[in-house]
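Peer 1: Chains as they are written, first to last, in our numbering: chain W, 1 to 84; chain R, 85 to 363. Structure provided below as structure tokens; questions to follow.
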Ligand SMILES: Nc1ncnc2c1ncn2[C@@H]1O[C@H](COP(=O)(O)OP(=O)(O)OP(=O)(O)O)[C@@H](O)[C@H]1O
Ligand SMILES: [Mg+2]
């Protein structure tokens, strides 16, 4: 599992960072975006599943709309293994 | 289910370092109500001054654990010890813990001052001693001008603050709180959480607080006990439980309902690099 605040969301065209070795990514399509005051929550369809991304609103961020394709990525070290 | 924790997660036992007995200890305690097992094989130690939160869904045995500690119910098996002595040996009216239950309301026909005096009176303290103490306590909870009001003339948050003040006023050895902020709205809860934290720091009193509010547990506690169906699922610091949950139950439980947007689904998609992802 990974906590929604550990996932970062970006446009497919965005330049990748320098630490790609340490990161994993998937692509998906924004299902909806919920604006919750200081937070923005995205529900993103990825394959047959859905990932939730939570980001703090800040100036200069790209805001994605439902239907847009996005890349989600996170640090491998942020993934936790838990017993189901 | 009993989860074996990786050793890095296992909490240091507060009492192990010294010969002083733990302030509170549950030794393999089971409590049955007829055929229902409310608490199963519970073992737990709480150190002096610790703020421990028992977190878990409805029916997981939280209130039962508190009742066992307060001596209101007796274990079916096992033993509960306070400072090394079995609770069973001391009748509960002789124990002077402070208790705030959600349903444990203030006396409606007594004024705020009289409510606060009550536990002192029960201990045989003279009026001349009681009044300055009540006054100091009211100042401490920022309600010094409210002493002559009846509880019904206070807001929910103010009533809750008086209930806390009443629990603390006789210097109890420990404080038992069952959903102390349950009736309050969100803003007030947050305010009261800060208030409770500072009261705890000031009084340094061992506190066991039952809640099913994840955020409250994360905010207030030195240590959280997550219960599930009468058993301890995992214990640890708020950070450890949030960041390194041992089970998906704990992981899911430690997010506020509003953002309990948590992934338990398995993704069928493979990551572009590295191992397949099971999120
Ligand atoms: N007096 C009783 N007689 C019979 N069963 C009881 C009694 N008290 C509790 N139980 C049962 O024991 C289990 C644990 O109850 P408990 O009150 O400890 O749960 P809880 O975690 O405090 O739940 P909540 O969050 O709803 O307050 C439940 O299944 C409950 O129905
Ligand atoms: Mg309860």
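All residues carry an ideal CB built from backbone N, CA and C; glycine is no exception. The structure presented is a predicted model; accordingly, all values stated were derived computationally and were not measured.
Which residue from R/226, R/151, R/328 and R/205 puts its Cα closest to that of residue 248 of chain R?
Peer 2: By 1-based counting over the second chain, the position of residue 248 of chain R is 164. Residue R/226 is the option with its Cα nearest to residue 248 of chain R.
Peer 1: What residues in its chain sit with their C-beta under 7 Å from that of residue 56 of chain W, if we drop five residues either side in the sequence?
Peer 2: Locating residue 56 of chain W in the first chain gives position 56, counting from the first residue. Correct list, in chain order: 38 and 39.
Peer 1: Measuring alpha carbon to alpha carbon, tell me which residue in W/36, W/62 and W/84 is nearest residue 71 of chain W.
Peer 2: What you label residue 71 of chain W is simply residue 71 of the first chain in a count that begins at 1. Checked all of W/36, W/62 and W/84; the closest Cα to residue 71 of chain W is W/62.
Peer 1: Give the DSSP-derived three-state secondary structure of residue 61 of chain W in the structure shown.
Peer 2: Locating residue 61 of chain W in the first chain gives position 61, where the first residue counts as 1. Three-state DSSP puts residue 61 of chain W in coil, outside helix and strand.
Peer 1: Taking 8 Å as the CB-CB limit, is residue 22 of chain W close to chain R?
Peer 2: Reading the first chain from its first residue, position 22 is the one you call residue 22 of chain W. Chain R contact via Cβ: absent.
Peer 1: Which residues in chain R have a C-beta closer than 8 Å to the C-beta of residue 29 of chain W? List them in chain order.
Peer 2: Here the question's residue 29 of chain W lines up with position 29 in the first chain. Those within 8 Å of residue 29 of chain W in chain R number zero; the least Cβ separation is about 12 Å.
Peer 1: Compare the Cα-Cα distances from residue 270 of chain R to each of R/158, R/240 and R/326 and report the closest residue.
Peer 2: Counting from 1 along the second chain, the entry for residue 270 of chain R is found at position 186. When only C-alpha atoms are compared, the closest one is R/240.
Peer 1: Do you know offhand how far residue 329 of chain R's Cα is from residue 310 of chain R's?
Peer 2: Stepping through the second chain from its first residue, residue 329 of chain R is reached at position 245. Stepping through the second chain from its first residue, residue 310 of chain R is reached at position 226. Roughly 10 Å between the two C-alpha positions.
Peer 1: Kindly examine ligand 1 and report whether one of its heavy atoms sits closer than 7 Å to the Cβ of residue 375 of chain R.
Peer 2: Outside the displayed range of chain R (85 to 363) lies residue 375 of chain R, so it cannot be described from this structure.
Peer 1: Compare the C-alpha of residue 44 of chain R against each of R/156, R/163 and R/133 and name the closest.
Peer 2: Beyond the ends of chain R as shown, which are 85 and 363, falls residue 44 of chain R; an answer cannot be given.
Peer 1: When you measure from the CB of residue 154 of chain R to every non-hydrogen atom of ligand 1, does any distance come out below 7 Å?
Peer 2: The residue you call residue 154 of chain R lines up with position 70 of the second chain. No, since every heavy atom of ligand 1 falls outside the 7 Å radius drawn around the Cβ of residue 154 of chain R.
Peer 1: Of all the alpha helix (DSSP H) runs that stay within the bounds of the segment 208-295 of chain R, which reach a length of 4 or more residues?
Peer 2: Entirely contained in the segment 208-295 of chain R, the alpha helix (DSSP H) runs reaching 4 residues are, in chain order, 211-224, 240-252 and 270-287.
Peer 1: Taking all protein chains shown into account, decide if residue 35 of chain W is buried (16 or more other Cβ within 10 angstroms of its Cβ) or exposed.
Peer 2: Stepping through the first chain from its first residue, residue 35 of chain W is reached at position 35. By the 10 Å Cβ count, residue 35 of chain W comes out exposed.
Peer 1: Please check if any C-beta of chain R sits within less than 8 Å of the C-beta of residue 40 of chain W.
Peer 2: Within the first chain, residue 40 of chain W is the residue found at index 40, counting from 1. So no, residue 40 of chain W is outside the interface.
Peer 1: What is the DSSP secondary structure of residue 16 of chain W, counted as helix, strand or coil?
Peer 2: Walking along the first chain from the start, residue 16 of chain W turns up at place 16. Three-state result, residue 16 of chain W: coil.
Peer 1: What is the DSSP secondary structure of residue 364 of chain R, counted as helix, strand or coil?
Peer 2: The question about residue 364 of chain R has no answer, for chain R in this structure spans 85 to 363.
Peer 1: Since I believe residue 267 of chain R is in contact with residue 139 of chain R (beta carbons under 8 Å), could you give me their beta-carbon distance rounded to a whole number of angstroms?
Peer 2: The residue you call residue 139 of chain R lines up with position 55 of the second chain. The residue you call residue 267 of chain R lines up with position 183 of the second chain. Actually they do not touch by this definition, with Cβ atoms about 18 Å apart.
Peer 1: Which of the three DSSP states is assigned to residue 45 of chain W in this structure?
Peer 2: On the first chain, residue 45 of chain W is found 45 positions in, with the first residue counted as 1. Three-state DSSP puts residue 45 of chain W in a strand.
Peer 1: Just grab the DSSP bridge partners of residue 54 of chain W for me.
Peer 2: Working through the first chain from its first residue, we reach residue 54 of chain W at position 54. Residue 54 of chain W is bridged to W/41.
Peer 1: Among the residues of its own chain, which have a CB less than 6 Å from the CB of residue 4 of chain W, if the five just before and after it don't count?
Peer 2: Here residue 4 of chain W refers to the residue found at position 4 when the first chain is read from its first residue. Around residue 4 of chain W: 52, 53 and 54.
Peer 1: Taking 7 Å as the cut-off, does the CB of residue 122 of chain R come closer than this to any heavy atom belonging to ligand 1?
Peer 2: Numbered from its first residue, the second chain carries residue 122 of chain R at position 38. Because some heavy atom of ligand 1 lies under 7 Å away, the Cβ of residue 122 of chain R counts as near it: yes.
Peer 1: Got a sec? Which residues, its chain only, sit under 6 Å from residue 214 of chain R by beta carbon, not counting five neighbours each side?
Peer 2: Working through the second chain from its first residue, we reach residue 214 of chain R at position 130. For residue 214 of chain R, where only same-chain residues beyond five positions count, the Cβ hits under 6 Å are 201 and 204.
Peer 1: What number of angstroms, rounded off, separates the C-alpha of residue 10 of chain W from the C-alpha of residue 272 of chain R?
Peer 2: The sequence position of residue 10 of chain W within the first chain is 10, counting from 1. The sequence position of residue 272 of chain R within the second chain is 188, counting from 1. Straight-line Cα distance between these residues: approximately 37 Å.
Peer 1: Looking only at C-alpha atoms, which of R/117, R/159 and R/237 sits nearest to residue 111 of chain R?
Peer 2: Reading the second chain from its first residue, position 27 is the one you call residue 111 of chain R. Among R/117, R/159 and R/237, the Cα nearest to that of residue 111 of chain R belongs to R/159.
Peer 1: According to the neighbour-count rule (16 or more other Cβ atoms, all chains shown, within 10 Å of its Cβ), is residue 277 of chain R buried or exposed?
Peer 2: Position 193 of the second chain holds residue 277 of chain R. The residue is buried, with at least 16 neighbouring Cβ atoms inside 10 Å.
Peer 1: Would residue 152 of chain R and residue 123 of chain R qualify as a contact pair, given that the criterion is a beta-carbon distance under 8 Å?
Peer 2: Residue mapping note: residue 152 of chain R aligns to position 68 of the second chain, counting from 1. Residue mapping note: residue 123 of chain R aligns to position 39 of the second chain, counting from 1. Yes, the pair counts as a contact, with Cβ atoms nearer than the cut-off.
Peer 1: Using only the alpha-carbon positions, how far apart do residue 298 of chain R and residue 263 of chain R sit?
Peer 2: The count along the second chain starts at 1 and reaches residue 298 of chain R at position 214. The count along the second chain starts at 1 and reaches residue 263 of chain R at position 179. About 12 Å.
Peer 1: Closer than 7 Å between beta carbons: that is the criterion. Which residues of the segment 322-335 of chain R meet it against chain W?
Peer 2: Result list: 328, 329, 330, 331, 332 and 335.
Peer 1: Beta carbon of residue 157 of chain R: closer than 7 Å to some heavy atom of ligand 2?
Peer 2: Translated into positions along the second chain, residue 157 of chain R becomes position 73. Not under cutoff, so the answer is no.
Peer 1: If I measure Cβ to Cβ from residue 171 of chain R and keep anything under 6 Å in the same chain, skipping five residues before and after, which residues do I get?
Peer 2: For the purposes of this step, residue 171 of chain R is identified with residue 87 of the second chain, where counting begins at 1. These residues qualify, in order along the chain: 155 and 164.
Peer 1: Taking only three categories from DSSP, how would you classify residue 164 of chain R?
Peer 2: Translated into positions along the second chain, residue 164 of chain R becomes position 80. Residue 164 of chain R: strand per DSSP, three-state reduction.
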